[in-house]
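Asker: My structure is below; once you've seen it, I'll send some questions.
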């Protein structure tokens with residue numbers, strides 16, 4: 181989900197790409213070296229070593245202002261919506277009385293597999309047993325988990341030998357990521373251009389404004405989009421006697437605090453029975469309670 185830290189980093193990345201098109205080892209578009217980062221200037225930035233204001237290095241700092249935080253209305257009811265789908269890498273197939281599990285080579289186990297069984301003792305009609313694959317699973321461990329739910333079934337490596345007198349169908353399903361907007365808010369971010377001369381400050385401040393002039397949306401490292409709007413910029417010469425010239429620019433950011441959850445691409449229903457089996461045509465990764 182989007183956060184003030186991921187937003188600041190996304191803004192820094194966007195400015196770095198626009199102001200330093202030749203990479204971090206080359207000068208910026210102003211012809212001077214520039215350092216872009218979260219937070220303000222440090223005492224080391226003002227010293228006489230390399231990469232300081234006094235040695236001709238410019239800075240852009242990115243900081244959020246807490247007093248500007250405003251909550252907005254989120255979608256009514258906070259509905260969950262499908263965001264993306266992940267194909268299953270684990271699958272199960274049945275031949276005769278044997279169910280065999282397979283994993284796509286060189287992939288992480290993922291998806292939901294199970295058995296729809298008829299003829300189980302104590303269950304009228306169909307029963308289902310299901311397993312949701314985890315990253316540390318193997319075909320052998322999944323087979324053992326499914327076999328433990330079916331009385332009389334035996335697991336060996338990635339195969340399950342089903343007891344006589346029952347019929348079974350394979351259940352295979354992918355998973356999806358669902359997203360819910362838990363909270364929506366606005367907050368001001370201050371992007372400040374720092375330099376040791378007013379001319380260099382003006383050049384960097386203009387380059388910063390140009391870099392974001394046509395940018396309405398950015399995406400952070402978590403894949404969350406946020407809106408960024410320019411508000412006001414000004415020159416700050418209060419520290420000119422120390423050789424520091426600044427241009428703070430305010431940008432209003434609108435972003436969501438969103439939650440994500442992985443869900444199976446299945447429908448649900450049924451009554452939980454002993455041993456993890458569910459009575460009924462159940463297509464879910466967990467038994468439903470009666």
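Numbering (this note's numbering), first residue to last: 181 to 470. Even glycine gets a Cβ: it sits at the ideal position worked out from N, Cα and C.
On the DSSP letters alone, give me the boundaries of the alpha helix (DSSP H) that residue 386 sits inside.
Answerer: Taken as a continuous stretch (DSSP letters only), the alpha helix (DSSP H) holding residue 386 covers 378–392.
Asker: Can you find the residues in the same chain that come closer than 6 Å, C-beta to C-beta, to residue 345, ignoring five residues on each side of it along the sequence?
Answerer: Cβ neighbours of residue 345 beyond the five flanking positions: 299.
Asker: So what's residue 193 in DSSP terms, helix, strand or just coil?
Answerer: Of the three classes helix, strand and coil, the one that applies to residue 193 here is helix, per DSSP.
Asker: Would residue 323 and residue 297 be called neighbours here (beta carbons separated by less than 8 Å)?
Answerer: No, the pair does not count as a contact, with Cβ atoms beyond the cut-off.
Asker: Output yes if chain C places a C-beta closer than 8 Å to the C-beta of residue 395; else output no.
Answerer: Here there is only one protein chain, and chain C is not present.
Asker: Can you give the beta carbon distance from residue 432 to residue 411, rounded, assuming they're within the 8 Å contact cut?
Answerer: Correct: roughly 5 Å between the Cβ atoms.
Asker: DSSP three-state label for residue 225, please.
Answerer: Looking at residue 225 - three-state DSSP - the assignment turns out to be helix.
Asker: Would you kindly work out how many angstroms separate the C-alpha atoms of residue 204 and residue 193, rounded to a whole number?
Answerer: Taking the straight line joining both Cα atoms gives about 11 Å.
Asker: Any contact of the segment 392–400 with the segment 351–363, i.e. 3+ C-beta pairs under 8 Å?
Answerer: Touching, no.
Asker: Determine the DSSP secondary structure at residue 314, reduced to helix, strand or coil.
Answerer: If DSSP states are grouped into helix, strand and coil, residue 314 belongs with coil.
Asker: Look up residue 186 in the DSSP assignment and say whether it is helix, strand or coil.
Answerer: Correct three-state label for residue 186: helix.
Asker: Name the residue from 439, 428, 254 and 268 whose alpha carbon lies nearest to the alpha carbon of residue 245.
Answerer: Residue 245 has its Cα closest to that of 428, out of 439, 428, 254 and 268.
Asker: Go ahead and label residue 355 buried or exposed: buried means 16 or more other beta carbons lie within 10 angstroms of its beta carbon, across all protein chains shown.
Answerer: Residue 355 is buried by the Cβ-count criterion.
Asker: Can you tell me which of 436, 289 and 408 puts its alpha carbon nearest to the alpha carbon of residue 319?
Answerer: Of 436, 289 and 408, the residue nearest in Cα terms is 289.
Asker: Just to confirm, is the Cβ distance from residue 199 to residue 188 under 8 Å?
Answerer: Contact flag unset, no.
Asker: Measuring straight from C-alpha to C-alpha, what distance separates residue 376 and residue 234?
Answerer: C-alpha separation (whole angstroms): 6 Å.
Asker: Spell out the partners DSSP gives residue 351 in its beta bridges.
Answerer: Paired residue(s): 294.
Asker: With which residues is residue 200 paired in a DSSP beta bridge?
Answerer: In DSSP, residue 200 forms no bridge with anything.
Asker: Please classify residue 249 as buried or exposed, where buried requires at least 16 neighbouring CB atoms within 10 angstroms.
Answerer: By the 10 Å Cβ count, residue 249 comes out exposed.
Asker: What does the alpha-carbon distance come out to for the pair residue 181 and residue 407?
Answerer: The alpha-carbon atoms of residue 181 and residue 407 are separated by roughly 14 Å.
Asker: Taking the beta carbon of residue 420 as the centre, do at least 16 other beta carbons fall within 10 Å, making it buried, or is it exposed?
Answerer: Exposed, since its Cβ has fewer than 16 Cβ neighbours within 10 Å.
Asker: Just curious, the alpha helix (DSSP H) that residue 321 is in, first and last residue?
Answerer: Its alpha helix (DSSP H) spans residues 319–327.
Asker: From residue 423 to residue 258, what does the alpha carbon distance come to, in whole angstroms?
Answerer: C-alpha separation (whole angstroms): 51 Å.
Asker: So is residue 390 buried or exposed if we call it buried at 16+ other beta carbons inside 10 Å?
Answerer: Burial call: exposed.
Asker: Where does residue 404 land, buried or exposed, given buried means 16+ other C-beta within 10 angstroms?
Answerer: Per the 10 Å Cβ criterion, buried.
Asker: What does DSSP give as the partner residue(s) for residue 418 in the beta ladder?
Answerer: Answer by DSSP bridge pairing: none, since residue 418 is not bridged.
Asker: What separation, rounded to the nearest whole angstrom, lies between the Cα atoms of residue 409 and residue 237?
Answerer: Distance between the alpha carbons of residue 409 and residue 237: 28 Å.
Asker: Within 10 angstroms of its Cβ, does residue 287 collect 16 or more other Cβ (buried), or is it exposed?
Answerer: So residue 287 counts as exposed.
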